[in-house]
Amino acid sequence: MARNLLIVESPAKAKTINKYLGKDFTVLASYGHVRDLVPKEGAVDPARGFAMRYDLIDKNEKHVAAIAKAAKTADALYLATDPDREGEAISWHIAEILRERGLLENKALHRVVFTEITPRAIREAVDHPRDISTPLVDAQQARRALDYLVGFNLSPVLWRKVQSGLSAGRVQSPALRMIVEREEEIEAFKAREYWTIEAECRHPSQAFSARLVKFDGKKYEQFTITDGETAEDARQRIVQSAGGMLQVTDVASKERKRRPAPPFTTSTLQQEAARKLGFTTRKTMQVAQKLYEGVALGEEGTVGLITYMRTDSVSLSADALSELRDVIARDFGTDSVPDKPNFYQTKAKNAQEAHEAVRPTSALHTPAQVARFLSDDERKLYELIWKRAVACQMIPATLNTVTVDLAAGSEHGFRVSGTTVVVPGFLAVYEEGKDSKGKDDDDQGRKLPPMQPGDRIPLERVHADQHFTQPPPRYTEASLVKALEEYGIGRPSTYAAIIQTLLFRKYTELEGRAFRPTDVGRAVSKFLSAHFTRYVDYDFTARMEDELDAVSRGEEDWVPLMEKFWGPFKEMVDDKMETVDRSEATGARELGTDPATGKPVSVRLGRFGPYAALGSTSEESEEKPRFASLRPGQSMHTITLEEALELFKLPRALGESNGEPVSVGVGRFGPFAKRGSTYASLKKEDDPYTIGFERAVELIEEKEEFARNRIIKEWDGHDIQVLNGRFGPYLSDGKMNGKIPKDREPASLELEEALKLLEETGKPMRGRFAKKAAKKTATRKATKKTAAKKATKKAATKKTAAKKATKKVAKKAVKKAAKKTVS
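Spelled out as structure tokens, the structure:
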């Protein structure tokens, strides 16, 4: 057994590092966090100095057991979890667990940190260990306690005042507020009409177009002309003044330098991967994690290709700078290497400068060299990181912008600009901000024909074009991450989790790549903004991050920070629970009156989402109103009276089939067709408002046919069945679904073979059907268990009675024998 035990977070990292350290080390993985707060009220106790109750995470118990077993025989323990607060906390938790089990007595305990997984970095970290950082652990505990106290205290208020099952997070709530406020800006936006006028010029060597900048002797601005009639009149006057020619009045040439962007931080990597590769923040971090942990590069073995990807820093080590400059000189020439390395400063609030920027561990591993060892996504992301790191150490690009003014008579003038690259510099490798299609907004790359003052340029035509101002765009993942970073909300490593939470909770939806808040999300945000203003305020959240950073640096104690937060927060929670009326938090709207019935029409937020109501919803009203769910894509904040009235055309009666009425409607799980007790979901292409009788019957009979043929084979006394599914035959026992080999006839399976296949290929069922099936199985098992208990009890009773009877008989026999002896 190895004398040293080294603990990392992931098994992939453990495998890579194990090769580097050799036989003196056993390397095991914790598989992330090993314990967490007990998931119930009271896990953080403000009355006892915010004492925290932890419990092992179920899925990681076996990994903790393996670590504990190895720790028994090891002489020294090295904790090598990730180099951030989370990693420091994981190391502390592991140490605490081992200490509680008495496994650290007379053993050296070391904390080692590295930001790249290379033989040199690992060996250097092991040779220079440190102690676990109490300030970093305190900062992480404070963050966890804050999130817990907010969640466990604020969520019940939402359940009572808005809708059951909702949650509020300390950092997710300001992010949701951003998305909601942007949506409200878009809805409040009033488009303005404006017209642009352009001249199409026929220069002998190259055609080009120029925009109007002077009209009637004055500067032509965006809203100088706001209607078509005026625009056409202006166009005709310009044409008449020009007389078929524009005269060059001025040619200005300006050279400028453009510096490369800094190397990647977590945030800028997420933004660029979203823009250029179409990656979500979550996908970016998952792929980056694989590149960081190590990739097998043929004979070279497993190598960590990038440095740690959770960082705010834009600095690079001296070794990295030297290697990048060598690669630039080799591949792009010495002229592309600046006299001194380029240095950058981070612009992000709350930046932690402990790490390097995200960069290749070795610039010598070019994208072309490693491409064959990487998946497509890994290749794309590595290329992005490599190019950005190389470009950041190259000379600036030199650009030349030529601007030409052209006169149409004495009162009107046009202007055209073109920018050409004189010296490409870093642009030979990388350009920031362009999307995957290479779009750009400036005139770069447009070269103008040679012109000089006095030249007369033939005018082909003048055209006027109508435009309307556009509302601000919805947030995309890239722009939301950028905004969160600018406001100092959360940490770069948490952005992916924030976004996933908003989507999972259905507070927002993605339309294309843009976030649109749902009605539930808007209700939550509106409630929190109105009643817990301070706690969803951007500055408050950023200040809290500042204070957590101060704790991590050892400048503040975490308990006073918690006390300062907890008192006012708890007081506000208790007050709002009693004083806020639910009706004012959910965004209910009166739309008007139904012309046919004279009844009021309103939209509200209910238990299962937004709905329209036809009739009075007042408790005093004697007549019960009709309700209808909103259609997908509709919002209670924008729906019109006419659109709401359309909803009450459902359910629609379509006719009769097999002696039973056929109808269509919309239920909790979407639109459906119904005949008798059979419900059949409509397909995507079917509209419940227009679907015909024959199509509805077709869907119903398809559903009934499927149900009749669903069970291919089953065995008495066993839960396992061979079933027909959407994607072909499969096995199921109500809890697990298993695969059947393509070359195996499902109907001929025997029980033993089916059980074996389910064991080998089974995966837990998902969704509401899984819950029903599991409940059914549990009920069946409970019934069997109860029956077995009753049978056992009955048998025990019989046994006891038999024993008593035997004893009674034996007693009588003894008495009889005694009498005989006496006589």
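In this text, residue positions in the sequence shown follow this note's numbering: the first is 26, and each later residue adds one.
Glycine included, C-beta positions come from ideal geometry on N, C-alpha and C.
The three-state secondary structure of Pro-181, taken from DSSP, is helix. Here Val-687 really is in contact with Leu-679; their C-beta atoms are around 5 Å apart, less than 8 Å. Residue state for Pro-36 is assigned as helix, using DSSP reduced to three classes.
Rounded to whole angstroms, the Cβ separation of Met-661 and Gly-695 is 18 Å, and the two are not in contact under 8 Å.
With a 10 Å radius around the Cβ and a threshold of 16 neighbouring Cβ atoms, Lys-65 comes out exposed.
Beta-bridge pairing by DSSP links Ala-321 to Thr-327. Taking the Cβ atoms as the reference, Thr-140 lies roughly 6 Å from Glu-381, within the contact range of under 8 Å. Contact between the stretch 286-306 and the stretch 509-527 is present: 3 or more CB-CB pairs across the two stretches fall below 8 Å. Beyond the five residues adjoining it in sequence on each side, Trp-411 comes within less than 6 Å, by CB distance, of Pro-385, Pro-392 in the same chain, given in chain order. Around the beta carbon of Gly-303, a 10 Å sphere encloses fewer than 16 other beta carbons of the protein chains shown; the residue is thus reported as exposed. One alpha carbon belongs to Gly-579, the other to Pro-160, and they sit about 5 Å apart.
Under the DSSP assignment, Phe-439 falls in the beta strand (DSSP E) whose first and last residues are 437-448. Of the other Cβ atoms in all chains shown, fewer than 16 fall within 10 Å of the Cβ of Asn-131; this residue is therefore exposed. Using a Cβ-Cβ distance cut-off of 8 Å, the stretch 46-58 and the stretch 78-86 are in contact, since at least three pairs of beta carbons, one from each stretch, lie closer than that value.
Partner residues in a beta bridge of Tyr-532, as assigned by DSSP, do not exist. Contact annotation: Ile-222 and Val-487 have beta-carbon atoms nearer than 9 Å. Taking C-beta separations shorter than 7 Å and ignoring five residues to either side along the sequence, the partners of Leu-573 in its chain run Ala-164, Ala-167, Arg-168, following chain order. In this structure, the CA atom of Val-628 is about 37 Å from the CA atom of Phe-590. The three-state reading of DSSP puts Pro-620 in coil, since its state is none of H, G, I, E or B. With contacts defined by Cβ atoms closer than 9 Å, Phe-493 and Met-419 do not form a contacting pair. Boundaries of the beta strand (DSSP E) harbouring Leu-237: 232-240, taken from the DSSP string. In this chain, Ala-396 is not harboured by any beta strand (DSSP E), its DSSP state being neither H nor E.
Between Arg-481 and Ala-267, the alpha-carbon positions lie close to 11 Å from each other. DSSP, reduced to helix, strand and coil, places Trp-583 within a helical segment of the structure shown.
Sorting Arg-769, Pro-771, His-743, Pro-766 by C-alpha distance to the C-alpha of Asp-758 places His-743 at the top. In the DSSP assignment, Tyr-455 falls outside any alpha helix (DSSP H), carrying neither H nor E. Note that the C-beta distance between Phe-673 and Leu-707 is not below 9 Å. For Trp-220, the enclosing beta strand (DSSP E) begins and ends at 218-227. With contacts defined as CB atoms closer than 9 Å, Lys-738 and Leu-774 qualify as a contacting pair. His-556: member of the alpha helix (DSSP H) spanning 544-556, first to last residue. Judged by their CB atoms, Thr-305 and Ile-523 are not nearer to each other than the 9 Å cut-off.
For Lys-699, no alpha helix (DSSP H) run applies; the uninterrupted beta strand (DSSP E) run containing it begins and ends at 695-700, by DSSP. Between the beta-carbon of Leu-128 and that of Ala-93 there is about 6 Å, and that keeps the pair under the 8 Å contact cut. For His-118, the uninterrupted alpha helix (DSSP H) segment begins and ends at 110-125. In its chain, beyond the 5 residues on either side, Ser-550, Ser-554, Val-561 have a beta carbon closer than 7 Å to the beta carbon of Arg-202.
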